[in-house]
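So the protein sequences, as listed, match chains A and B.
Counting with my numbering, you get residues 95 to 506 for the letters of the first sequence.
Counting with my numbering, you get residues 623 to 778 for the letters of the second sequence.
Even for Gly, the Cβ is constructed at its ideal location relative to N, Cα and C.
Before any comments, here is the structure.
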Amino acid sequence: MSDETSVLEQTNAAPESESPTGQAQRRTMTLNMGPQHPSTHGVLRIVLELDGEMIERAEPDIGFLHTGIEKQCETRTWQQVVPLTDRVDYLANLSNNLAYCLAVEKLLQIEIPARAQWLRVMLTELTRLNSHALWLGTSAMDIGAMSMFFYCFRERENILRLFEMFSGQRMMTSYFRVGGVALEPPRGGLQAVRKFIDSLPERIDMFENLLTGNPIWVKRTTGVGVMPVETLLNLGVTGPMIRASGIPWDIRKSEPYSSYEKFDFNVPTKTEGDVFARYLVRVAEMRESVKIVKQALDGIPEGPFQADVQGVVLPDREKMKTQMEALIYHFKIVTEGFKAPVGSVYQAVEAPRGELGYYVVSDGSTRPYRVFMRTPSFGNLIALAPMLEGTPIADSIASLGSLDFVLGDTDR
Amino acid sequence: MTTEEIQQAFASIPGAVLGTVVERGETILEIAPAAIVAVLRELESKQGFERLSGITCVDWYPVEPRFEIVYLLHSIRHNRRLRLKCVVPGTDPQIDSAFEIYRAADWYEREVFDLFGVKFRNHPNLKRILMPDDWEGHPLRKDFPVHGYKYSYQNE
């Protein structure tokens, strides 16, 4: 491949040219799958070296969505960081909130009441449904099954309406706070969730009817994007991609958090490791999420929605209006923020895309000293280049879709 | 990992483990920077830590040594996590790359280089990953302002 000649000269030149030693040289074409592209799920640039339609080399170029969230976290108080975390993985907002809140609660070593924990589980599973529905719709659309997009986004609309009911916001909910949940669920909120979740199993059946037995889908996705699972683990891949390659690793089961150990659900696993297996795993995960939400609705305990920790969690509004200490604590928490003890904490959760971990360092002040977000999309994208090499471009779109990355998650 | 396991594991690499802290259920080892590759090799091959979750850095400016590089390790088969910390000085910060042991280190080390300026020796492709290629400065350092400098781009 020559850098000096333009792409046009290369393609117009003879397919093989003689070098001084008399050996034929093959030329590859450099194609930019640029940051603006409907199928790269965000602003991802991949520089492809093509030999005809086969990808010889792929080099991803990320950083187009880098907004310095980690740096901004250092300038805000612990509670003020929560809305920033929403925007990291903007398609599974509550997962990020959960990971950050759990990390800070681990740092502070406070206990969250059961009602808040169950609410967190319920809403996090709704987020998983949300994210998987979006993934299904967009990656099916990329491969050509346009109707899937509309089917999946109808479910997404319903879930976003539920989020709006709970928190006032469709996407950037910031509903989980350090110490519990922001607000008590609204009147009729849990009934609305139940009505939605009762309708969901047949909707997921509809999704599967369109794709699972569809010969075009099966042909496009079986055997595509297979890599040995040890290589995937070594490359930093986590989440449904590992479960589709045979290892039943799910952080909700192995390192349970927020009372997930009280819920009964399976971890769907497949062994083939191709795009079709990843699709089946994610759809099965949607069904498991429905089970978990139903259990949460059936068993949600009564009680406070926030931990009763003075100096960290805002006091009850009525108490603040009548009691002096409550007023002083309210004032201090809102203006200064609470102080966290010195130390560092790593808390991982099972986000829809994989292992989402927050490494939080505190120097004893009211603001985080360092917040590192170990995001699943960053880890999954490292496997992109090895997965694409040696495959045709059409398969690369299927593999890209199955990686399920979000650029906000990758670049932060 | 218990203290005995740690001592046994690193008996062949004397002087590697400078300190052990167990807090909030997490084990954190402080490792001498020169021994980091040997320690990671031991952990990956013999102690069952198949996964590197991430590599990051904390800038303790103006305290010297300034950069604390943190390795987050995870073992699926033993279901445990481990954290390693290496402190490198602020002037010409360098450490060996973990790429040969964990290929995930590729992008995480590029990110630490990009945002903090720590160089990783023997890294196959150490260039900026998140910031534009011609950016000057290392944004996550404590002496880099949050709003940036106006003229960090060459052509501005």
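Three-state class that DSSP yields for residue i in the structure shown
{"i": "B/Ser634", "result": "coil"}
{"i": "A/Val384", "result": "helix"}
{"i": "A/Val406", "result": "coil"}
{"i": "A/Asp155", "result": "strand"}
{"i": "B/Asp718", "result": "strand"}
{"i": "A/Ala371", "result": "helix"}
{"i": "B/Met753", "result": "coil"}
{"i": "A/Phe260", "result": "helix"}
{"i": "A/Met467", "result": "strand"}
{"i": "A/Leu142", "result": "strand"}
{"i": "A/Pro486", "result": "strand"}
{"i": "B/His745", "result": "coil"}
{"i": "B/His760", "result": "coil"}
{"i": "A/Arg337", "result": "helix"}
{"i": "B/Phe689", "result": "strand"}
{"i": "A/Val500", "result": "coil"}
{"i": "A/Ile394", "result": "coil"}
{"i": "A/Met266", "result": "coil"}
{"i": "A/Met321", "result": "coil"}
{"i": "A/Ala186", "result": "coil"}
{"i": "A/Gly116", "result": "Confidence in A/Gly116 is poor, its pLDDT being 48 and thus under 50, which makes the residue's placement unreliable; the coordinate value appears in the next sentence. Three-state DSSP puts A/Gly116 in coil, outside helix and strand."}
{"i": "B/Glu672", "result": "coil"}
{"i": "A/Ala442", "result": "strand"}
{"i": "B/Gln629", "result": "helix"}
{"i": "A/Asn191", "result": "helix"}
{"i": "B/Leu694", "result": "strand"}
{"i": "B/Ile723", "result": "coil"}
Exposure label - residue i; buried when at least 16 CB within 10 Å
{"i": "A/Val436", "result": "exposed"}
{"i": "A/Phe244", "result": "exposed"}
{"i": "A/Met516", "result": "Chain A is shown only over 95 to 506; residue 516 of chain A falls outside these bounds and no answer can be derived."}
{"i": "B/Phe632", "result": "buried"}
{"i": "A/Arg281", "result": "exposed"}
{"i": "A/Asn190", "result": "buried"}
{"i": "B/His760", "result": "buried"}
{"i": "A/Phe425", "result": "exposed"}
{"i": "A/His135", "result": "buried"}
{"i": "A/Gly333", "result": "buried"}
{"i": "A/Gln203", "result": "exposed"}
{"i": "B/Tyr683", "result": "exposed"}
{"i": "B/His700", "result": "exposed"}
{"i": "A/His226", "result": "buried"}
{"i": "A/Gln130", "result": "exposed"}
{"i": "A/Val165", "result": "Note that residue 165 of chain A is Lys in the sequence shown, not Val. Under this definition A/Lys165 is a buried residue."}
{"i": "A/Asp392", "result": "exposed"}
{"i": "A/Asn187", "result": "buried"}
Beta-carbon spacing of residue i, residue j below 8 Å
{"i": "A/Pro342", "j": "A/Val361", "result": "yes"}
{"i": "B/Ile751", "j": "B/Arg725", "result": "no"}
{"i": "B/Phe738", "j": "B/Phe689", "result": "yes"}
{"i": "A/Ala193", "j": "A/Gln441", "result": "yes"}
{"i": "A/Phe357", "j": "A/Val215", "result": "yes"}
{"i": "A/Asn126", "j": "A/Val137", "result": "no"}
{"i": "A/Met335", "j": "A/Leu329", "result": "no"}
{"i": "A/Tyr184", "j": "A/Gly502", "result": "yes"}
{"i": "A/Thr504", "j": "A/Ser456", "result": "no"}
{"i": "A/Leu277", "j": "A/Arg264", "result": "no"}
{"i": "A/Thr69", "j": "A/Phe432", "result": "Since the displayed chain A opens at 95 and closes at 506, residue 69 of chain A lies outside it and no answer follows."}
{"i": "A/Leu61", "j": "A/Val287", "result": "Lying before the first or after the last residue shown, residue 61 of chain A is absent from chain A, which here runs from 95 to 506."}
{"i": "B/Asp736", "j": "B/Met753", "result": "yes"}
Nearest to residue i (by Cα), restricted to the options the options
{"i": "B/Ala720", "options": "B/Ile658, B/Arg705, B/Leu694, B/Ile628", "result": "B/Ile658"}
{"i": "B/Glu666", "options": "B/Asn701, B/Leu695, B/Ile691", "result": "B/Leu695"}
{"i": "A/Ala378", "options": "A/Gln130, A/Arg222, A/Leu159", "result": "A/Arg222"}
{"i": "A/Ile394", "options": "A/Asp505, A/Glu444, A/Tyr354, A/Arg506", "result": "A/Tyr354"}
{"i": "A/Tyr423", "options": "A/Leu408, A/Lys415, A/Pro350, A/Glu412", "result": "A/Leu408"}
{"i": "A/Asn303", "options": "A/Ala239, A/Ser348, A/Thr363", "result": "A/Ala239"}
{"i": "B/Tyr693", "options": "B/Leu662, B/Val685, B/Lys668", "result": "B/Leu662"}
{"i": "B/Glu672", "options": "B/Gly770, B/Pro767, B/Ala727, B/Val685", "result": "B/Ala727"}
{"i": "A/Val428", "options": "A/Gly317, A/Ala445, A/Gly405", "result": "A/Gly405"}
{"i": "A/Glu199", "options": "A/Leu450, A/Ile163, A/Val403, A/Glu153", "result": "A/Val403"}
{"i": "B/Ala656", "options": "B/Cys708, B/Pro746, B/Gly670", "result": "B/Cys708"}
{"i": "A/Phe247", "options": "A/Gly448, A/Leu228, A/Ala186", "result": "A/Leu228"}
{"i": "A/Leu475", "options": "A/Arg139, A/Ala371, A/Arg120", "result": "A/Arg139"}
{"i": "A/Leu217", "options": "A/Glu382, A/Cys167, A/Met300, A/Phe257", "result": "A/Phe257"}
Residue i Cβ short of 7 Å to the ligand ZN heavy atom set
{"i": "A/Lys200", "result": "Looking for the ligand ZN in the displayed structure turns up nothing, as the structure carries no ligands at all."}
* **Validate contact between the region 319 to 327 of chain A and the region 458 to 467 of chain A using beta carbons, cut 8 Å, 3 pairs** => No contact exists between the region 319 to 327 of chain A and the region 458 to 467 of chain A.
* Any 3 or more C-beta pairs closer than 8 Å across the region 626 to 643 of chain B and the region 677 to 687 of chain B -> Touching, no.
* Asked: Touching or not, the region 142 to 154 of chain A and the region 469 to 486 of chain A, by the rule of three or more beta carbon pairs under 8 Å?
  -> Flag = yes, the region 142 to 154 of chain A and the region 469 to 486 of chain A touch.
* Does the region 269 to 276 of chain A come close enough to the region 165 to 184 of chain A to have 3 or more Cβ pairs within less than 8 Å? -> Enough Cβ pairs lie closer than 8 Å, so yes.
* Along the region 447 to 465 of chain A, what residues have a CB closer than 8 Å to any CB found in chain E? -> No chain E appears in the structure shown, which is made up of the protein chains A and B.
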